[in-house]
Structures are given as C-alpha cells and as structure tokens.
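Step one of this worksheet: look at the structure below.
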Amino acid sequence: MSLAEAVKAAGVVGAGGAGFPTHVKVASRVDTLIANGAECEPILATDQWVMARHAGEISEALREVAQVVGARRVVLAVKHKYQEVIRRFRPFLDHDPRIALFELGDFYPSGDEQVLVNEVTGRVVPEGGLPLDVGVVVQNVSTLLNVHRAMAGTPVIRKHVTVAGEVRRPGVYVVPVGTSAADVLAAAGGATLPDFRVVDGGPMMGFLLPDTDRPVTKTTSGYLVLPPDHPVVQRRLPSPKAEHRLAMAVCCGCRMCTDLCPRYLLGHRIEPHKAMRAVQSRTEDSAHVLAMGYLCSLCGVCEAYACPMGLSPRRVFESFKVRLGAEKVPNPYRARPAEAREARAWSRVPKARLTERLQLARYVLPPVGEPLPVPEPWEVRIPLRQHIGAPARPVVRSGDRVAAGDCIAEVPEGALGARVHASISGVVAGVDDRSVRIVRR
Ligand code: SF4
Ligand code: SF4
C-alpha cells in the first residue's frame, strides 16, 4: 500500500485547520515540505505538547512524506521560544541533515499557511490560492503524527485537545473522537465557575459552542472556558448587522485594520478599511468590495488588535463570505501578487501582547507537559463530516457491533473526503445523515 493509500485508509485530515484530506496533499509533487509547528493561537498548547512527546514519530513521518512528494527542501518550522521542543527534536534532526530547523518569531498568525510559506521560503501564495501553487506542501505536526500512525495501519480515532481557562485541571488531553465537550470538561475537573461559555478553538479564530453536547472531531484543537462577560466571549456575540451599524457610526477611517492585516501585508488586495468605508456609504454591494471577502482569512487581527474603535472588519467580511456563497459572485481576485509588502517586516503582531490584550495571560499553559487521556465515554457521536469535501457515507446500521478502529463511513465514490472510524468498541445506537452514535459495550 502506498503512503497516500495508507493515509486515506486511516482517515487522516489536517488536524490544525479546516480538515483538508491529507492523502490529497501526500499525492502532490512539490519542491518544499514544511512541518507546521507554529501554533500561533494564544493559549492553545496542543502542538507544543504533541511535538515534545512525539518528536521521533513526527520526524519519521516528515521524512516519508518528503520522499513521496519529492521535496528537496524539508523544514520543521517551530517558534524560537519553544526551546524544550527544539531540544527534543535535536537528536532526530542531527540524525537526518535533510530536515532543516526554521525558528519562527513569536507572532500571530505565524501558523497561517500563507504566512508560514512566506516566512520560510519568501514566496507569496497567490490570492485565492494554496501553498501548492508555489511548490510547497504544509503539514501540521499533529497531522504528521497521524500519518506516522497510518503507516502502521492505525486510523485517526483520538484527538489531542487543549482544555484551558476556567477549568480545574487545564492541560492537553487525548480524547476519543466523538466524545462530547461536556465529557472532556468533566475529565479536566469541570469548570471553576457556575456560569461559563466555551470557545471551540483558539480565542482568535474559534467559535462559541452553542452547547457542550457537541462532539470532539478530528479538527478540534481546544476548548477555552471563560466567564460569560469575558471580552473574547463578548466579541462573538454581536450580530453582523450590529457590526454594520457600528461601522457606519464610528469607523474613523484610520486604516490600522489594513496596515496590520496579515493578508494585505502579503501583497493581497484586501483593504478592510475600504470595506468599512463602503459599509458606511452603503456601497458594499460593489463587486470588488464584496469580493474582498474571498481574501480574508478571518484571522481576527483587525478586530482584536488593530482597530482603536473596537470594530470588527472580520465580522463584516464574514457576512460578505455568506453573501458571496449565496449569490455565487465570481472571484475577481486571482492574480498573483508580485511580492509581500515591505511593511510586513515591522507589522507582525507580538503574541504576548495579543494575549495580554485579550485578557488571557493568566490562562497560559506551560510550554511542555504530558497529555492526559480522557476516559472512554459511554457514548460517542461521530460526525460524518469532519473535513473539507463530501460527508462520509455510513457503512454500518443501528444494532451493528463495532470495535474501536473499524471503518464506519466511507468516502463517496469519486469525491474529496475522508474515512471515519469507530473511536470506541460498542454497538451502533443510531445513524443519520450527519453522524453515527455508538454506545459502549
Ligand atoms: S480577519 Fe481582518 S486582519 Fe485577518 S485577514 Fe481578515 S481583514 Fe485581514
Ligand atoms: S481600524 Fe477600525 S476605525 Fe480604523 S479604519 Fe479600520 S475599522 Fe475603521
């Protein structure tokens, strides 16, 4: 079985982002392979802890993937400040001089694939493009750990998840996929507050969990438990309509949102201050303004760091994206920018200052620790779509007995997607078009 076939059979998807099926990346041909160990979201420590614990497996998977994709340059990108992680990788890097270490600065969003590619190679991913367009594949380090397991025939049925904020035992946990957020929080000792909200993901790009019955997926990176009046929670509450009204009332046109926008700094033609001005003058329907939504990564720098008025161009672009999809607006921004803007060199957002500004400094975890297992729950609800592409098609029915690791849903014929496996042994208690429910035997 080829590496791409093994990775597909194991249902590996990008563990640190939107869940792009990894077998597609592994089947490409590029000159550069980057292992993404940047982990730039404040508070999340998942990748740091995974790297410290599994340096050998990650290095081996990196070598295998490099061979298959034909990469001449292989880079492990880790923040300079993760010295303990670097120390643990040293023996494996010394053993294989083909893998170069790239030490990143501590800024946000250094883990954004497009930013990372520019940092490491100096190349600029075209607007609306992928690293593949400039001959680069980026693999998150936790994904590489799953690739290593796939090489041994082990499917993705566990996920490393940071649990932090107002919980009794913050840390990184190893969770069976499909476990409810409530069970994960219970394993972390429960919340320290009677009333709290949970951010799924990091404080910059995560979203508020509507309820804690929601299951952990292959892409869940963390749960951040916060008081309901915390600014990170509050920023997620206003509706895009309210944001439009605010923009019309108080945007002073200072263009700080544009000057610090990581995608603008890469040379892309996104200018959030112009979008805000268009909202003010009710001209946002103009195709080139609306289509700027295609260029926004939703990184949140504009709302959490740049804007002195507390406005959120990010939310405005979020609403633009909804309209672009619904109205099928063509993307006029597909030209390749010549080069990143010079100002990039002095416009990176320091993560420590960002963490302070988000009022999260008290929740920072130690850089390295031992991930703890979450006990197998009585029941898991495993979503059929945990990845980009078509939902997986169930191959089990209610009443079937399954063992942990059994395939329960297949990639539809000819579609982009990923297999799904049982994360615990038990009986299938329900199947619908969104998930498979398994009850422990
Ligand atoms: S969220 Fe704001 S800062 Fe980030 S890419 Fe979009 S406009 Fe730029
Ligand atoms: S930073 Fe804020 S006030 Fe300044 S242009 Fe952007 S949205 Fe308007």
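Residues in the sequence shown are numbered consecutively from 6, following this note's numbering. Ideal placement from N, C-alpha and C gives every residue a C-beta, glycine not left out.
Spatial neighbours of Val436 in its chain, beta-carbon cut-off 7 Å, leaving aside the 5 residues before and after | Translated into positions along the sequence shown, residue 436 becomes position 431. Closer than 7 Å at Cβ, skipping near neighbours: Pro399, Val401, Arg402, Ser403.
Could you check what DSSP says for Pro236 in three-state terms: helix, strand or coil?
-> By one-based count along the sequence shown, residue 236 stands at place 231. DSSP places Pro236 in helix when its eight states are reduced to three.
For Thr37, the first and last residue of its enclosing beta strand (DSSP E) | To locate residue 37, count along the sequence shown from 1; it is residue 32. Here the beta strand (DSSP E) through Thr37 covers 37 to 42.
Buried or exposed for Thr148, please, with buried defined as at least 16 other CB atoms from any protein chain shown within 10 angstroms of its CB.
-> In the sequence shown, the residue the question calls residue 148 occupies position 143. Buried, because 16 or more other Cβ atoms sit within 10 Å of the Cβ of Thr148.
Met6: which of Arg58, Val168, Gly158, Leu38 sits nearest, CA to CA?
-> Translated into positions along the sequence shown, residue 6 becomes position 1. Selected option, being the one with the closest Cα: Gly158.
Pick helix, strand or coil for Ser115, following the three-state DSSP scheme.
-> In the sequence shown, residue 115 corresponds to position 110, counting from 1. Ser115 falls in the coil class under three-state DSSP.
Give a yes or no on whether the C-beta atoms belonging to Ser286 and Leu137 are separated by under 8 Å.
-> For the purposes of this step, residue 286 is identified with residue 281 of the sequence shown, where counting begins at 1. For the purposes of this step, residue 137 is identified with residue 132 of the sequence shown, where counting begins at 1. Against a cut-off of 8 Å, the Cβ pair of Leu137 and Ser286 comes out as no contact.
For the candidate residues Leu389, Ser428, Thr225, whose alpha-carbon lies nearest to that of Glu415?
-> Working through the sequence shown from its first residue, we reach residue 415 at position 410. Checking every option, the nearest Cα to that of Glu415 belongs to Leu389.
So, is Ser317 buried or exposed, given that buried needs 16 or more other C-beta atoms within 10 angstroms?
-> The residue labelled residue 317 in the question sits at position 312 within the sequence shown. The residue is buried, with at least 16 neighbouring Cβ atoms inside 10 Å.
Name the DSSP beta bridge partners of Gln144, please?
-> As a working note, residue 144 is residue 139 in the sequence shown. BP columns for Gln144 point to Ala40.
Bridge partners of Tyr2, per DSSP?
-> The chain is shown from 6 up to 446; residue 2 falls before or after that span and cannot be answered.
What whole-angstrom Cβ distance do Gln364 and Pro233 have, given they're in contact under 8 Å?
-> Against the sequence shown, residue 364 aligns to sequence position 359. Against the sequence shown, residue 233 aligns to sequence position 228. In fact, because the Cβ distance is near 14 Å, the residues do not count as touching under 8 Å.
Rounded separation between Val90 and Glu332 - CA only = Counted from its first residue, the sequence shown places residue 90 at position 85. Counted from its first residue, the sequence shown places residue 332 at position 327. One C-alpha to the other measures close to 47 Å.
Give every residue of the same chain whose Cβ lies closer than 8 Å to the Cβ of Ala348, excluding the five residues on either side of it in the sequence, and list them in chain order.
-> The residue given as residue 348 occupies position 343 in the sequence shown. Hits under 8 Å: Asp264, Leu270.
Host beta strand (DSSP E) of Phe107 (start-end) | Locating residue 107 in the sequence shown gives position 102, where the first residue counts as 1. Note, Phe107: beta strand (DSSP E), 104 to 109.
Pull up the distance between the alpha-carbon of Gly394 and that of Val29, whole angstroms please.
-> As a first step, residue 394 is located in the sequence shown; it is residue number 389 there, counting from the start. As a first step, residue 29 is located in the sequence shown; it is residue number 24 there, counting from the start. So the two alpha carbons sit approximately 11 Å from each other.
Selection from Thr288, Arg320, Ala254, Val238 that minimises the alpha carbon distance to Cys262 = Stepping through the sequence shown from its first residue, residue 262 is reached at position 257. Looking at the Cα atoms, Arg320 is the closest of the given residues.
Compute every distance between the C-beta of Pro335 and the non-hydrogen atoms of ligand 2, then say whether any falls below 7 Å.
-> Position 330 of the sequence shown, counting from 1, holds the residue named residue 335. No, ligand 2 has no heavy atom inside 7 Å of this Cβ.
Compare the Cα-Cα distances from Val306 to each of Met209, Val203, Val172 and report the closest residue.
-> Within the sequence shown, residue 306 is the residue found at index 301, counting from 1. The shortest Cα separation from Val306 among Met209, Val203, Val172 belongs to Met209.
Using beta-carbon positions only, say whether Val179 and Pro376 come within less than 8 Å of one another.
-> The residue labelled residue 179 in the question sits at position 174 within the sequence shown. The residue labelled residue 376 in the question sits at position 371 within the sequence shown. The answer is yes: Cβ separation under 8 Å.
Please list, in chain order, all residues of the same chain as Arg424 whose beta carbon is under 8 Å from its beta carbon, the five residues on each side excluded.
-> To locate residue 424, count along the sequence shown from 1; it is residue 419. Cβ within range, chain order: Lys13, Ala14, Ala15, Gly16, Pro160, Ala397, Cys412, Ala414, Glu415, Val416.
Continuous alpha helix (DSSP H) stretch holding Gly176: start and end = The residue given as residue 176 occupies position 171 in the sequence shown. Per DSSP, Gly176 belongs to no alpha helix (DSSP H); it is in the beta strand (DSSP E), 176 to 181.
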